[in-house]
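Engineer: Below are the structure tokens for one structure; questions will follow.
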Amino acid sequence: MKRRFELESDETGTVIEGKVGEKLTQSYLERINNEQLAGKRWSAVLYKRTVTKIGREPTDNYTLLDLEQVATIA
Numbered sequence: 000m001k002r003r004f005e006l007e008s009d010e011t012g013t014v015i016e017g018k019v020g021e022k023l024t025q026s027y028l029e030r031i032n033n034e035q036l037a038g039k040r041w042s043a044v045l046y047k048r049t050v051t052k053i054g055r056e057p058t059d060n061y062t063l064l065d066l067e068q069v070a071t072i073a
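For reference, each letter of the sequence shown is one residue, going 0 to 73 in numbering that gives the first Met the number 0.
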């Protein structure tokens with residue numbers, strides 16, 4: 000498993016992608032097997048690291064630390 004994720008931000012509408020943190024891996028994989036994740040709203044805790052290299056634009060790297068489903072109002 001590559002332990003990667005893709006999420007669409009509610010705030011910006013952009014897709015955020017990165018790796019799944021080591022502590023979340025087992026529970027994340029269990030959720031994928033037991034639940035339908037796509038199309039639902041989730042609250043994600045991300046670690047953002049900005050990498051700056053000489054002569055290049057800074058890039059952001061994300062690690063998914065936690066994931067919880069957002070309650071929907073019927």
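Just so you know, even glycine gets a beta-carbon here, dropped at the ideal spot from N, CA and C.
Considering Cα atoms alone, identify which of VAL44, LEU6, VAL19 is closest to GLY38.
Structural biologist: Counting from one through the sequence shown, the residue named residue 38 turns up at place 39. Per the Cα distances, LEU6.
Engineer: Any idea if GLY12 is buried or exposed, counting beta-carbon neighbours within 10 angstroms, 16 or more meaning buried?
Structural biologist: Working through the sequence shown from its first residue, we reach residue 12 at position 13. Counting Cβ neighbours within 10 Å, GLY12 comes out exposed, since fewer than 16 surround it.
Engineer: What number of angstroms, rounded off, separates the C-alpha of GLY20 from the C-alpha of GLU67?
Structural biologist: Here residue 20 refers to the residue found at position 21 when the sequence shown is read from its first residue. Here residue 67 refers to the residue found at position 68 when the sequence shown is read from its first residue. If you take the alpha carbons of GLY20 and GLU67, they lie about 15 Å apart.
Engineer: Which same chain residues end up closer than 7 Å to LYS47 when comparing Cβ atoms and leaving out the 5 residues on each side of it in sequence?
Structural biologist: Along the sequence shown, one-based indexing puts residue 47 at 48. Once the five neighbours on either side are set aside, the close Cβ partners of LYS47 are ASP59, TYR61.
Engineer: If ARG3 sits next to LYS18, beta carbons under 8 Å apart, how far is it from one beta carbon to the other, in whole angstroms?
Structural biologist: Taking the sequence shown and counting its residues from 1, one reaches residue 3 at position 4. Taking the sequence shown and counting its residues from 1, one reaches residue 18 at position 19. Their Cβ separation, rounded to whole angstroms, is 6 Å, which keeps ARG3 and LYS18 in contact under 8 Å.
Engineer: Thinking just about the alpha-carbon of each residue, which of VAL50, GLY54, LYS22 is nearest to the one in ASP65?
Structural biologist: The residue given as residue 65 occupies position 66 in the sequence shown. The option with the nearest alpha carbon to ASP65 is LYS22.
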